[in-house]
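Participant: Numbering (my numbering), first residue to last: 60 to 252. Questions regarding the structure given below will be posed in turn.
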Amino acid sequence: PRNEGIVEAYRGGCVRSATAIVNGRAFCEIAEFARSEPSFGLGIHFNLTDGVPLTSAKLLAPGSRFRPKRELWSMALGDALPKEEIAAELRAQIDAFIDTGLMPTHLDGHNHIHVFPGVWGAVVDVLNDYPQINAVRLPREAAAVIDTPASADGVPALPGTIAPSPPAVSLAEMGHPKAAFFRALADDIRPEA
Numbered sequence: 060p061r062n063e064g065i066v067e068a069y070r071g072g073c074v075r076s077a078t079a080i081v082n083g084r085a086f087c088e089i090a091e092f093a094r095s096e097p098s099f100g101l102g103i104h105f106n107l108t109d110g111v112p113l114t115s116a117k118l119l120a121p122g123s124r125f126r127p128k129r130e131l132w133s134m135a136l137g138d139a140l141p142k143e144e145i146a147a148e149l150r151a152q153i154d155a156f157i158d159t160g161l162m163p164t165h166l167d168g169h170n171h172i173h174v175f176p177g178v179w180g181a182v183v184d185v186l187n188d189y190p191q192i193n194a195v196r197l198p199r200e201a202a203a204v205i206d207t208p209a210s211a212d213g214v215p216a217l218p219g220t221i222a223p224s225p226p227a228v229s230l231a232e233m234g235h236p237k238a239a240f241f242r243a244l245a246d247d248i249r250p251e252a
């Protein structure tokens with residue numbers, strides 16, 4: 060149903076691009092559509108919280124399924140994310156996308172996971188190896204995304220981590236040759252040194 064809506068919105072002139080979860084059920088279908096419509100931009104919706112990983116990520120996916128988002132967010136809070144597994148999974152998702160014959164036009168993340176502490180640094184490092192991916196969608200919310208332990212979607216508290224802010228440093232400033240943001244990111248989120 061989502062792919063049908065995206066295709067309809069594209070054909071109606073409302074949407075020019077979308078992102079897809081490479082390890083999702085409907086990825087091949089939307090990739091086929093993108094191959095048939097060269098002016099439709101398709102990017103990667105980086106996923107660490109839903110379904111089965113493309114790698115043998117034992118800490119990210121015990122039992123061969125990704126941890127639920129609350130668990131992954133708690134790991135991020137405790138600086139307990141396996142950064143090597145995150146980087147390997149992102150590379151695998153990018154390579155699987157490229158194997159379709161397409162090049163991702165941009166990257167964003169499922170549940171904004173790509174901008175979380177412990178994940179963002181891996182994203183920047185991996186994108187340095189893929190200069191063809193030259194844009195990253197970063198959330199700019201009207202209010203703090205992560206604000207209380209009991210927010211509606213169960214997001215744990217990360218005070219000040221993702222909130223309205225002026226534009227942050229660009230990927231180019233972090234060493235990526237040409238990537239651009241098309242939203243702003245909280246200044247507090249920086250890649251690990």
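We put the CB at the ideal spot given by N, CA and C, even for glycine.
1) Determine the DSSP secondary structure at Leu-166, reduced to helix, strand or coil.
2) Which same chain residues end up closer than 7 Å to Gly-177 when comparing Cβ atoms and leaving out the 5 residues on each side of it in sequence?
3) Grab the span of the alpha helix (DSSP H) containing Ile-103 for me, first residue to last.
4) Check whether the region 188-195 and the region 106-116 touch, using three or more Cβ-Cβ pairs below 8 Å as the test.
5) According to the Cβ coordinates, are Ala-79 and His-104 closer than 7 Å?
6) Leaving out five residues before and five after Glu-130 in sequence, what residues of the same chain have Cβ atoms less than 7 Å from its Cβ?
7) Name the two residues that bound the continuous beta strand (DSSP E) containing Ala-77.
8) Kindly give me the distance between the Cβ atoms of Leu-101 and Pro-163, rounded to whole angstroms, as I take these residues to be in contact under 8 Å.
9) In this structure, does DSSP put Val-195 in helix, strand or coil?
10) Return yes when the Cβ of Phe-99 is within less than 7 Å of the Cβ of Ala-93, no when it is not.
Facilitator: So, from the data block:
1) Leu-166: strand per DSSP, three-state reduction.
2) Only Ala-135, Asp-138, Leu-140 and Lys-142 meet the Cβ criterion.
3) Looking at the DSSP string, Ile-103 is not in any alpha helix (DSSP H); the run it does join, the beta strand (DSSP E), is 100-105.
4) No: the two stretches stay apart, fewer than three of their Cβ pairs being nearer than 8 Å.
5) Against a cut-off of 7 Å, the Cβ pair of His-104 and Ala-79 comes out as a contact.
6) Excluding residues up to 5 positions away in sequence, nothing lies with its Cβ nearer than 7 Å to the Cβ of Glu-130 in the same chain.
7) Residue range 76-79 is occupied by the beta strand (DSSP E) that includes Ala-77.
8) Their Cβ separation, rounded to whole angstroms, is 7 Å, which keeps Leu-101 and Pro-163 in contact under 8 Å.
9) Assigned with DSSP and collapsed to three states, Val-195 falls in strand.
10) Going by C-beta atoms, Ala-93 is nearer than 7 Å to Phe-99.
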